[in-house]
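> Mind looking over this structure? Questions follow.
Here it is in structure tokens:
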């Protein structure tokens, strides 16, 4: 059987989220003017997601369905008790003869040929209690074992879905933090562009700059304003994505209160891919398929049932003229099923083969994912260090270029280029730090383990 892994999210999609152009307003009203903010830490966001995420709720419902299926599969191991009551009236000779016997009122007159062939209508009020118990049916035991393994696979899949929900919560939260930092950077760039334009106007009025220099500064300001507008829109999108993931209504937006912290040492940890929830789910699914094949094979074995019945019969609805009981054993053995049994065995064998292949593939994937996640963390850490150094250098270069410009040693184009470069490097540093946190979150997701043996 297939495990429920539809809610898992890949690191590639996470990085794609962060790679999208995004910016956010850390404080202040929602640009749409329609939603209210609610402060939210990362820990609170994870709790909200675990309580309100719809994908996780679906995974949990599927787990419960599989659990109930397992319970139902074991039902034939218990005695089946039936109750019945009814009224029948008929002139059928066999019915009339048997009913009078059951009611204890059969007389010598009922042996007359005319009475036997053409009896008067006879009514019968009856009650029945029946018990049937499968004493020996190997297919039931195998089906129950298969269903239990299937329920185990569903439980492990639900656990993996929970881990994936936490991962996506962290990704969306980091994206919201990144957009807040990007918006602050865009606002600073816009303020710097305005200050540069004001300085250019003064120099133009003194005849130190040309009209072309002023137009270039105005273009830079317009671009900065457009970038800020885009940042505000993307910030709202990021918050709405996070809120939707948490199961919130659209009229309330989360306001992240945490920050993108500097990189910290990553704790080393032993990793056994066989103990990861999704891999264990595949293993349980393979075991379930194996037991399903065993059930198909045991279809050749006869089954033995025990049964018992107690009945009452009366001419009156509120009386019991006679009661009777029956007990017995019944052997069931389907010798020929029109080749359905053979086909069922072959199908179960193929399903087990598929499940075993999927388990082995899951093992290989888990090992490869760990290597990729570790490389991603190392690359992200290098990126943080490189972009931080580049941002510091660009900021220093911008300040130096501004002084040179004020001293008449640099052109207006040189200053505009230095400011643009500083803004670009600052935004790259923000993105690199967010990517690092996502890479760490993905590493923790990839190497998570379920220590209990199942």
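In mature numbering (1 follows the signal peptide of the UniProt record, and there is no 0), the protein residues as written are -26 to -1, 1 to 428. Yeah, the Cβ is synthetic: ideal placement off N, Cα and C, and Gly gets one too. This one's a predicted model, so the numbers in the text were calculated from it and none came from an experiment.
By Cβ distance, which residues of its chain are closer than 7 Å to residue 247, with the 5 residues on each side in sequence left out?
Position 273 of the chain shown, counted from the first residue, corresponds to residue 247. Cβ within range, chain order: 253, 337, 340 and 341.
> On the DSSP letters alone, give me the boundaries of the alpha helix (DSSP H) that residue 62 sits inside.
Working through the chain shown from its first residue, we reach residue 62 at position 88. Run containing residue 62: none in the alpha helix (DSSP H); it sits in the beta strand (DSSP E), 54 to 64.
> Rounded to the nearest angstrom, what separates residue 414 and residue 274 at their Cα positions?
Working through the chain shown from its first residue, we reach residue 414 at position 440. Working through the chain shown from its first residue, we reach residue 274 at position 300. Answer to the nearest angstrom: the Cα atoms are 54 Å apart.
> Taking three-plus beta-carbon pairs below 8 Å as touching, is the region 105 to 116 in contact with the region 253 to 272?
Counting Cβ pairs under 8 Å, three or more are found: they touch.
> Is residue 67 near the ligand ADP, judged by its Cβ being under 7 Å from some heavy atom?
Looking for the ligand ADP in the displayed structure turns up nothing, as the structure carries no ligands at all.
> Going by DSSP, what residue range makes up the beta strand (DSSP E) through residue 67?
Along the chain shown, read from residue 1 onward, the residue named residue 67 stands at position 93. First-last for residue 67: 67 to 77, but that is the alpha helix (DSSP H), not the beta strand (DSSP E).
> Counting C-beta neighbours from all protein chains within 10 Å, is the total for residue 243 16 or more, i.e. buried, or is it exposed?
Sequence index remark: in the chain shown, residue 243 carries index 269 (1-based). Burial call: exposed.
> Spatial neighbours of residue 39 within its chain, please: CB distance less than 8 Å, with the 5 preceding and 5 following residues excluded, ordered by chain position.
Position 65 of the chain shown holds residue 39. Same-chain partners within the cutoff: 128.
> Beta-carbon within less than 6 Å of residue 422's beta-carbon, same chain only, minus the 5 sequence neighbours each way: which residues are those?
Along the chain shown, read from residue 1 onward, the residue named residue 422 stands at position 448. 137.
> Unbroken alpha helix (DSSP H) runs of length 4 or more, entirely within the region 107 to 183: which are they?
Whole alpha helix (DSSP H) segments, 4+ residues: 112 to 179.
> Could you name the residues of the same chain whose beta carbon sits closer than 8 Å to that of residue 387, not counting the 5 residues immediately before and after it, in chain order?
The residue given as residue 387 occupies position 413 in the chain shown. So the qualifying residues of the chain are 187 and 190.
> What would DSSP say about residue 220, mapped onto helix, strand or coil?
Taking the first residue of the chain shown as 1, we reach residue 220 at position 246. In this structure, residue 220 counts as helix in the three-state DSSP scheme.
> From 172, 73 and 82, pick the residue whose C-alpha is nearest to that of residue 95; which is it?
By one-based count along the chain shown, residue 95 stands at place 121. When each option's Cα is compared against that of residue 95, the closest is 73.
> What are the residues that DSSP puts in a beta bridge with residue 346?
Taking the chain shown and counting its residues from 1, one reaches residue 346 at position 372. Answer is none; residue 346 lacks a bridge partner.
> Distance, Cα to Cα, residue 206 vs residue 41?
Sequence index remark: in the chain shown, residue 206 carries index 232 (1-based). Sequence index remark: in the chain shown, residue 41 carries index 67 (1-based). Rounded to the nearest angstrom, the two C-alpha atoms are 47 Å apart.
> Where do the ends of the beta strand (DSSP E) carrying residue 280 lie?
In the chain shown, the residue the question calls residue 280 occupies position 306. Note, residue 280: beta strand (DSSP E), 277 to 288.
> Ordered along the chain, which non-local residues of its own chain (more than five positions away) have a Cβ less than 8 Å from that of residue 353?
Against the chain shown, residue 353 aligns to sequence position 379. Within the same chain, residue 353 has close Cβ partners 413.
> Who pairs with residue 239 in a beta bridge, going by DSSP?
For the purposes of this step, residue 239 is identified with residue 265 of the chain shown, where counting begins at 1. Bridge partners of residue 239: none, in fact.
> Taking residue 237 as the reference, give the member of 406, 133 and 383 with the closest Cα.
In the chain shown, the residue the question calls residue 237 occupies position 263. The candidate whose alpha carbon is nearest that of residue 237 is 406.
> According to the Cβ coordinates, are residue 166 and residue 343 closer than 8 Å?
As a position in the chain shown, residue 166 is number 192, starting the count at 1. As a position in the chain shown, residue 343 is number 369, starting the count at 1. No, Cβ-Cβ distance for residue 166 and residue 343 is not below 8 Å.
> Exposed or buried, which one is residue 156 when buried takes at least 16 other CB atoms within 10 Å?
If you number the chain shown from 1, residue 156 lands on position 182. It is buried - the Cβ of residue 156 has at least 16 other Cβ atoms within 10 Å.
> Just to confirm my understanding: we take residue 174, look at its own chain, exclude 5 residues before and 5 after, and list those with CB closer than 7 Å. What are they?
As a first step, residue 174 is located in the chain shown; it is residue number 200 there, counting from the start. For residue 174, where only same-chain residues beyond five positions count, the Cβ hits under 7 Å are 183, 187, 188, 191 and 386.
> Please report the straight-line C-alpha distance between residue 416 and residue 177, rounded to a whole angstrom.
Taking the first residue of the chain shown as 1, we reach residue 416 at position 442. Taking the first residue of the chain shown as 1, we reach residue 177 at position 203. One C-alpha to the other measures close to 52 Å.
> Enumerate in chain order the residues of its own chain whose CB-to-CB distance from residue 144 is below 6 Å, with the five nearest sequence positions on each side excluded.
Position 170 of the chain shown, counted from the start, is the residue given in the question as residue 144. The residues are 415.
> Who are the Cβ neighbours of residue 260 in its own chain at under 8 Å, not counting the five residues just before and after it?
Here residue 260 corresponds to residue number 286 of the chain shown, with the count starting at 1. So the list reads 326, 329, 330, 332 and 333, once near-sequence residues are dropped.
> Output the boundary residues of the beta strand (DSSP E) element that contains residue 229.
Sequence index remark: in the chain shown, residue 229 carries index 255 (1-based). Here the beta strand (DSSP E) through residue 229 covers 226 to 230.
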